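Chains as they are written, first to last, in the numbering used here: chain A, 410 to 943; chain B, 20 to 326; chain C, 235 to 547.
The block underneath contains the structure these notes are about, expressed in C-alpha cells.
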Amino acid sequence: MDRRTLLKGLTGVGSLAATGGLSMPALSQGAEARTLRFVPQADLANFDPIWGTQYVVRNAAALVWDTLYGIDATLKPQRQMAEAEEVSDDGLVWTFRLRPGLKFHDGEPVLAKDVVASLARWSARDPMGLMIKAIQNDLVAVDDRTVKWSLKQPYPKMLLALAKNNSPCTFIMPERIAKTDPFKQITEYVGSGPMKFVKSEWVPGARSVFEKFADYMPRQEKSSWLAGGKQMLLDRIEWVVIPDPATAAAALQNGEIDWWENPIADLVPLLKKNRNVSVDIADPLGNIGVFRMNHLHPPFNNVKARRAILMAMSQEDYMRAIVGDDTALWKPLPGYFTPDTPLYSEEGGEILKGKRDIEGAKKLLAESGYAGEPVSCIVAQDQPITKAQGDVTADLLKRLGINVDFVATDWGTVGSRRAQKSPPGQGGWHMFHTWHAGADCLNPASYTGIRGNGDKAWWGWPNSPAVEKEVAAWFDAKSLDEEKVAVGHLNKAALDDVIYAPTGFFLSYTAWRKNVSGIAKGPLPFFWGVSKTA
Amino acid sequence: MTVSTTSPMQIPPGLVIAQQLPDLLLPSKVRRGVVGFLRNNPTVAIGGALLLCLVLVGIFAPYLGTVDPTAIAPAKRTRAPSADFWFGTDLLGRDIYSRVLYGARVSLTVGLSVAALASLAGLAIGLVSGFVRWADSVIMRFIDGLMSIPPILLAVALMALTRGSVGNVILAITIAEIPRVSRLVRGVVLSLREQPYVDAATASGTRTPMVILRHILPNTLAPMLVQATYVCASAMIVESILSFIGAGTPPTIPSWGNIMAEGRALWQVKPYMVFFPAAFLSVTVLAVNLVGDGLRDALDPRMAKSL
Amino acid sequence: MVSYILRRILATVPVMAIVAFFVFSLLYIAPGDPAAVIAGDQASPADVERIRQSLGLDRPFLVQFGSWLWHILHGDLGTSIFTSLPVSSLIAQRIEPTLSLMAITLVLTIVVAVPLGVVAAWKAGSWVDRTIMTFAVFGFSLPVFVVGYLLAYVFALQFEWLPVQGYTPFAKGFWPWLQSLILPAIALGCVYIALIARITRASMLEVLQQDYIRTARAKGLGQRSILFVHALKNAAVPIVTVIGLGIALLIGGAVVTESVFAIPGLGRLTVDAILRRDYPVIQGIVLLFSFLYVLINLMVDVTYTLVDPRIRY
C-alpha cells in the first residue's frame, strides 16, 4: 500500500467519525424526555423478589409490584394497597381491607385471595413473616376486598413487618403466580405496581426495561419512600448495566445515561465539577461495615480475643479504605444500629472510641491463649467493599502479631465457605467481611446479623444469652421509650460479647444529570415523581 | 550453532538482508564467545541489558529506597507523586513506588515462567504432532479441546480450589498459552516436512527422532522464539486482566497487573496509579521483544549461512 | 480433501465430550455455591439448603453429569440457575454483539497489520521498519483496558465523535452499529495488530532471502508483485496460523473490552456466570466455544493447503 492510498483511507475514516457526532439513536425529542436511563448498583440477573433477596432485585421489584403497606421517610408504616385495617382488642385478629379499583398488569382486578397467596409466600421466607407464621391460626380472604389474619399471640409489629423496605417486601402478585414454591423462582412477572416489566427486552446482565402501566391507581397523598402516591412522570425506564465505574462516569458526563445509582466516592469530585451533573447523598440510612469472626473455633471462640480486635481496630482506617477522603461520607460507629435513627445507641461502645491500644490488645490476645496458630481470613476480591476491608484487616492482624492466612477468593466462594462449621484446617474459616444496609439495622426485627442464638445465628454462630434476652425484651416493648431501653442494653451486650466487629458507618452518593428532577433520598432509588426535561 | 567462517561474499544487488541495526552487516573478522556474540547482535545486548536491569530492580527492591509495599495508611490514600511518595500512593495509602519495584518480581516471574513452560510444552507437542502423521489428529483434537476452556474459568476455579496465588496464575496462563505455541510450531513443521532434505534424511535411514532433532527443530526455533517473547508479554498482560476480574495474584503480593487493576477506576482523575506500572510493563515488554528479535536474527541458520 | 474435512468434523464430538467432562468436574470440585449467592446475605443455612435441593445441586456428580449430557443430546442446553431462562436464549441474545465486535476487529487487524508487516520486512533495518516495530511493541505492551480508557477519553469524552459505551444492534442501522464498535475494536485489535505485524515481518524476512525472490527480481518483476504475489504467499503459513489463533483469542479475550465498553456480549456472560457459579450457563458456553474453536482450526488447516500446495493431509 502506498502513501496515497493510506491517506485516502484515513480521510474516509475521519469523515465517518465526524458524521458520528449524531450518534444518539433517532428518538423524537418527546420520547427522549420520557425515557430514563439508569445504572443500577448491580446486575438484575433474576427478578423474583421473594426467592432472591438481593438489594437490586428488591429495587426493581418496587417498580413492578405494589405493597400492602409502605414505610415512609419518618420510618412509619403507611397504608398503600390497603384502605383500612383493624385489629381486635386482644391483638389476635388483624383485618385488612383493600382499596377499590386496583388492577394487575394483565387487566385482572386485585382481589383478597391474591393478597392471601402473596402474604403466604412472603411469610415463608421473611424473618418477621416467619415469626408471624409460627404463631398463625389462619390467613384467609373473607370476601373480595377483605383479608383476615388470626394469630395465637399478639404481634404488635405487624404493620412494620408489612411495610418495611428490607427484602423481601410484601409485594402483591396474582394468586396463581404467588402459589409458586417460595424456594423456586416465578417465571411470569405480572405486577401490581406503576411500571410493567418488559420481559422481551430483558438481557440479564446487560439491560432491563420497564414501561408505564396506564391503569395504575396511585394514592392521593404525596409520595414518601414506599408510602403515598406513586405518580410516574416517565413512560419508560431502562436499567443499563455498566460494570466499569470509569465508563459509567464517562457515560454520565456524556449524557448517555441519566442517573447513576452508586458512583464510587473517588470519582465524585470529577462529577461534581461537571456543569451538567448533580451529586448528593443517596441514602441517609447508609451502610454498616461488618467484620465477622467464627465463634466456634479458637482463637475467636474466646471473648478476650474478640475484644482485643475491637481494642486495636481503627474504624477510620476501614472507612477511608471504603469511601475515600470525603469525611462527610462516614461516621465512627460505637455500636450496631444506624446513626440518626430513633433506636441508635452508643451504650457499651467505649472500647471502640478513643486512641487505639495495640499493646493492650496484644496482651489481651495473649491472655486468651493465642499462641501463633494461623488464622484464615477469606476475602472476596470481586467486591470492592469487602476487598478494601480485607486489606485493612490483614494489616491490622499483622501489627497485632497474628499469623494471618490471607485467602484471596471471590464472593461465590466466600458464600459457600462461610457456611462451613468445620474447623479452619478442614475447610472452615476464622474471619470474613461484608456489610449491611443501614435500613436493615434500624431495630432487631430483621437484623439477623445481631442475633446470638448459637447454631441458628448468622455466619459465625455467636452464642450470647444476654443479647437474646434483650431482643425478646424489644419485641415485647410497648412504647418507644421501652424499645430504646431494650436496644441500649442490647447494644452493650452485643459489644461485650462481640457478636461481630462493626467497622464503621458509611454513606454513598448518587449522581444524576441536571435535566432530571425529583430524585429523593432513600434506602432504594425511587422512580415516582422523577421527571426529565429534554 | 556455528557461525560461518567463510570470507564475505558479494551481495547481489537488490537482495535485502534483514537487520535491526546497521552494524550487523558482514563482520570482517569472526568475533568469538559471549562478548563477541553480544557485539555482533546489539539488539540482544540492549534488550538483555534492560531486562537484566529490571530483574536486578526486582531482586534488590528492598534496598532501592522502598518501604513495606503492603503497609497501609488510609489517611494518606490517593496522594499525587511527591518527595515523600515518588510515584504517589494508592487507594489504601500504600507507596506505589515500592509496590511497582516489588511488583517487578511477580510480573517477571509470571512472564518468564509462563513463556518457558508454555514454549517447552508447545514445542514438544508441535514437533511430534507436525511430523508424525498419525499422532497429528489425536493431538490436535486434544489441543482444540484445551483451547476452548476459557483461561478465566481455569484461573477462577484454581483460585477457588485453593486460594489466589502466583503459582495458580502461572498454571492457568500456561495452560491457556500452550495451544498457541504448539499450533504455530506444528504449522512450521508441516511445511518443513515436505522439504527435500527431510526426504533425503529419511531415505538415508535416519530415525524419526533424529530427523526431528537435527533437521526440523533448528528451523522451528526462530518463529518459536518470536512466539515465546509474545507469550511472555501476553502472560504479563493476562495477569493484569485476571487481576481486573479479581482472580489474579492476591493484593498482599503486588504485581504490575494488580496495581493497575486497583487503580483503573480512577485513571481519569489520578492517572499516575495506572501510568507507572504501565510504563514499567511496556519497558519490560520492549526489552523482551528486543531480546527475541535479536536472538531470532542471530540463530536463524539461513541467516548465518548467507553471511 | 472432502473426506478429511468430514473426518475432522466427526472428530469434534469426542473432543467436546471430553472438554465438557473436564469442565463439569472442575466446577464440581471448585467450592462456591450458587445457592448461597441466590439466597442472599440474610438467608439462613436451612434456606440455602432448600434452594440447593430445588436446583438439583445435591445429587451425586455422575447423576448430574449424566442428566446434563442427556439433555444436550436432545438439543436442550439447560436452564440458567440464576435467571431461569434457557441457556440457549441467553447465548442467542449475546452472540450478535460479540460476533460483530470480532468481525470488525478481525477486518481491522488484517487490513492494518499485514501491510504494515510487509512494509516493515521490505524496508528492514530502515527507520520505517523500526518505527513500525516500535508501535507494534507498544501495541501489545499496554493492557486492553488502558488502551480502551484512553480511546474513550479522547474520542468519546473530549471530541464526542463516538459513544462511550453500549452496543447498537445492526437492525438499528449500519452507521450506529459501526460507531458503537469502532473504539472497542481498536482497543481489542491493538494487541493483534502488533502480533500479526510482527509475525508477518518475521515470516516475510525469511522468504525474502530465498533464491526465487532473487530470480523474480532478476526477471524484472515489479516490487509490489514480488512482495504480495510471490513473497507473501510463501510466508503465509505462520501468518494464517496466528490469525486463526487470533480469532480464537478474540472470542475469549473480549471480556475486558466488553466490560470497559459495556457491550452485552458472550465474554461478560462467561465471567458473570463463572463468578456466580451458574453451572448450566458455563457449560453451555464452553461447549459452544469448543465447537467454534474446532471449526476455526479446521478452516485454518484448510487454508494452509490453499496457500502452500506442498502441504498435504
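Idealized CB from N, CA, C, for every residue including glycine.
Predicted model only: the values in this text are computed from it and were never measured.
Residues of chain B with CB under 7 Å from A691 of chain A, in chain order?
One-based indexing of the first sequence puts residue 691 of chain A at position 282. Scanning chain B for C-beta atoms nearer than 7 Å to the C-beta of A691 of chain A yields nothing, as the closest lies near 18 Å away.
Is it right to say R530 of chain A is buried, meaning 16 or more other beta carbons lie within 10 angstroms of its own, or is it exposed?
Here residue 530 of chain A refers to the residue found at position 121 when the first sequence is read from its first residue. A buried status is given to R530 of chain A, since no fewer than 16 other beta-carbon atoms sit within 10 Å of its beta-carbon.
Could you say which of A:A895, A:R508, A:K639 lies nearest to F935 of chain A if we only look at CA atoms?
Stepping through the first sequence from its first residue, residue 935 of chain A is reached at position 526. Nearest C-alpha to F935 of chain A: A:K639.
A137 of chain B and V200 of chain B - do their beta-carbons sit closer together than 8 Å?
To locate residue 200 of chain B, count along the second sequence from 1; it is residue 181. To locate residue 137 of chain B, count along the second sequence from 1; it is residue 118. Against a cut-off of 8 Å, the Cβ pair of A137 of chain B and V200 of chain B comes out as a contact.
Quick one: any contact between the stretch 647–659 of chain A and the stretch 395–415 of chain C, if contact means 3 or more CB pairs under 8 Å?
Three or more Cβ pairs drawn from the stretch 647–659 of chain A and the stretch 395–415 of chain C lie within less than 8 Å of each other, which places the two stretches in contact.
Between N59 of chain B and chain C, is any beta-carbon pair separated by less than 8 Å?
By 1-based counting over the second sequence, the position of residue 59 of chain B is 40. So no, N59 of chain B is outside the interface.
Tell me whether the stretch 842–858 of chain A and the stretch 878–892 of chain A touch, counting them as touching only if at least three CB pairs, one residue from each stretch, are closer than 8 Å.
Contact between the stretch 842–858 of chain A and the stretch 878–892 of chain A is present, with at least three C-beta pairs closer than 8 Å.
Unbroken alpha helix (DSSP H) run spanning K772 of chain A, endpoints:
Walking along the first sequence from the start, residue 772 of chain A turns up at place 363. Where K772 of chain A is concerned, the enclosing alpha helix (DSSP H) stretches over 767–776.
Residue nearest to L190 of chain B in terms of C-alpha spacing, selected from B:E258, B:G149, B:A154, B:Q246:
Locating residue 190 of chain B in the second sequence gives position 171, where the first residue counts as 1. Of the candidates B:E258, B:G149, B:A154, B:Q246, the one whose C-alpha sits nearest the C-alpha of L190 of chain B is B:E258.
Determine, for L120 of chain B, whether the minimum Cβ-Cβ distance to residues of chain A falls below 8 Å.
Indexing the second sequence from 1 puts residue 120 of chain B at position 101. No, L120 of chain B does not count as interfacial toward chain A.
Residues of the stretch 91–124 of chain B in Cβ contact with chain A at a cutoff of 7 Å, in chain order, please.
Here the close residues are I91, P93, A94, R96, T97, L111.
Supposed contact pair L719 of chain A and L761 of chain A - C-beta distance, whole angstroms, cut 8 Å:
For this step, residue 761 of chain A is matched to residue 352 along the first sequence. For this step, residue 719 of chain A is matched to residue 310 along the first sequence. Right, the Cβ-Cβ distance comes to about 6 Å (below 8 Å), so this counts as a contact.
Between the beta-carbon of A721 of chain A and the beta-carbon of I767 of chain A, is there less than 8 Å?
The residue you call residue 721 of chain A lines up with position 312 of the first sequence. The residue you call residue 767 of chain A lines up with position 358 of the first sequence. Here A721 of chain A is near I767 of chain A, since their CB atoms are less than 8 Å apart.
Could you tell me which of C:I516, C:I497, C:F495, C:A496 sits nearest to V505 of chain C, measuring between CA atoms?
The count along the third sequence starts at 1 and reaches residue 505 of chain C at position 271. With distances taken between Cα atoms, V505 of chain C lies closest to C:I516.
Do Q798 of chain A and A730 of chain A come within 8 Å of each other at the CB atom, strictly closer than that value?
Here residue 730 of chain A refers to the residue found at position 321 of the first sequence. Here residue 798 of chain A refers to the residue found at position 389 of the first sequence. Result yes, Cβ atoms of A730 of chain A and Q798 of chain A sit closer than 8 Å.
Could you give the DSSP three-state label for H308 of chain C: helix, strand or coil?
Along the third sequence, read from residue 1 onward, the residue named residue 308 of chain C stands at position 74. H308 of chain C falls in the coil class under three-state DSSP.
Rounding to the nearest angstrom, what Cα-Cα distance links K796 of chain A and L442 of chain C in this structure?
In the first sequence, counting from the first residue as 1, residue 796 of chain A sits at position 387. In the third sequence, counting from the first residue as 1, residue 442 of chain C sits at position 208. If you take the alpha carbons of K796 of chain A and L442 of chain C, they lie about 55 Å apart.
Can you give the Cα-Cα distance for A298 of chain B and F841 of chain A, rounded to whole angstroms?
Reading the second sequence from its first residue, position 279 is the one you call residue 298 of chain B. Reading the first sequence from its first residue, position 432 is the one you call residue 841 of chain A. So the alpha carbons of these two residues sit roughly 35 Å apart.
Any chain B beta carbon closer than 8 Å to V801 of chain A:
Position 392 of the first sequence, counting from 1, holds the residue named residue 801 of chain A. The C-beta of V801 of chain A comes closer than 8 Å to at least one C-beta of chain B.
Go to T343 of chain C, then tell me how far its alpha helix (DSSP H) extends in each direction, as first and last residue.
Your numbering for residue 343 of chain C matches position 109 in the third sequence. Its alpha helix (DSSP H) spans residues 321–356.
Tell me which residues share the same chain as A587 of chain A and place their Cβ nearer than 6 Å to its Cβ, disregarding the 5 neighbours each side in the sequence.
Taking the first residue of the first sequence as position 1, residue 587 of chain A is located at position 178. The beta carbon of A587 of chain A lies closer than 6 Å to those of A526, S527, R530 in the same chain, with the five residues before and after it left out.
In the DSSP output, what is N696 of chain A paired with across the bridge?
Position 287 of the first sequence, counting from 1, holds the residue named residue 696 of chain A. Per DSSP, the beta-bridge partners of N696 of chain A are A:A846, A:F915.
Taking contact to mean 3 or more Cβ pairs, one atom from each stretch, closer than 8 Å, check whether the stretch 89–96 of chain B and the stretch 59–77 of chain B are in contact.
In the pairwise beta carbon analysis, the stretch 89–96 of chain B is classified as not touching the stretch 59–77 of chain B: fewer than three pairs are separated by under 8 Å.
From T504 of chain A to I811 of chain A, what distance separates their C-alpha atoms?
In the first sequence, the residue the question calls residue 504 of chain A occupies position 95. In the first sequence, the residue the question calls residue 811 of chain A occupies position 402. Per the coordinates, the alpha-carbon of T504 of chain A lies some 58 Å from the alpha-carbon of I811 of chain A.
Can A428 of chain C be considered in contact with the ligand SAH, in the sense that its beta carbon sits closer than 7 Å to one or more heavy atoms?
Within the structure as shown, the ligand SAH is missing, as the structure has no ligands at all.
Start-end ranges of the alpha helix (DSSP H) lying completely within the stretch 271–306 of chain B, minimum 4 residues
Fully enclosed alpha helix (DSSP H) runs of no fewer than 4 residues occupy 275–282 of the stretch 271–306 of chain B, in order along the chain.
Chain B contacts made by the stretch 408–438 of chain C, where a contact means CB separation under 8 Å
Residues passing the 8 Å Cβ filter: V425, L429, R432, I433, A436, S437.
Whole alpha helix (DSSP H) elements within the stretch 513–566 of chain A, 4-residue minimum
Whole alpha helix (DSSP H) segments, 4+ residues: 521–532, 536–543.
Along the beta strand (DSSP E) that carries D689 of chain A, what are the first and last residues, could you check?
Counted from its first residue, the first sequence places residue 689 of chain A at position 280. Under the DSSP assignment, D689 of chain A falls in the beta strand (DSSP E) whose first and last residues are 686–690.
Does DSSP put F369 of chain C in a helix, a strand or coil?
Looking up residue 369 of chain C in the third sequence gives position 135. In this structure, F369 of chain C counts as helix in the three-state DSSP scheme.
Other residues of its chain near P536 of chain A: CB distance less than 7 Å, five sequence neighbours each side excluded:
Here residue 536 of chain A is taken as the residue at index 127 of the first sequence, counted from 1. So the qualifying residues of the chain are S855, T857.
Would you call D689 of chain A buried or exposed, if buried means 16 or more other Cβ atoms sit within 10 Å of its Cβ?
Start at 1 with the first residue of the first sequence, and residue 689 of chain A comes out as number 280. D689 of chain A counts as exposed, since fewer than 16 other C-beta atoms from the protein chains shown sit within 10 angstroms of its C-beta.
With a 10 Å radius around its C-beta and 16 neighbouring C-beta atoms as the bar for buried, classify S223 of chain B as buried or exposed.
As a working mapping, residue 223 of chain B is identified with position 204 in the second sequence. Looking at its Cβ environment, which holds fewer than 16 other Cβ atoms inside 10 Å, S223 of chain B is exposed.
Taking beta-carbon pairs under 9 Å, can you tell me which members of the stretch 254–270 of chain B lie near chain C?
If the cut-off is 9 Å between Cβ atoms, the stretch 254–270 of chain B has M255, I256, V257, S259, I260, F263, I264, G265, A266 near chain C.
Going along chain A in order, which residues have a C-beta closer than 7 Å to the C-beta of Y383 of chain C?
Counting from one through the third sequence, the residue named residue 383 of chain C turns up at place 149. By Cβ distance, chain A contributes A655.
Anticipated Cβ contact below 8 Å, F374 of chain C with A154 of chain B, distance rounded:
In the third sequence, counting from the first residue as 1, residue 374 of chain C sits at position 140. In the second sequence, counting from the first residue as 1, residue 154 of chain B sits at position 135. F374 of chain C to A154 of chain B, Cβ: 32 Å. No contact.
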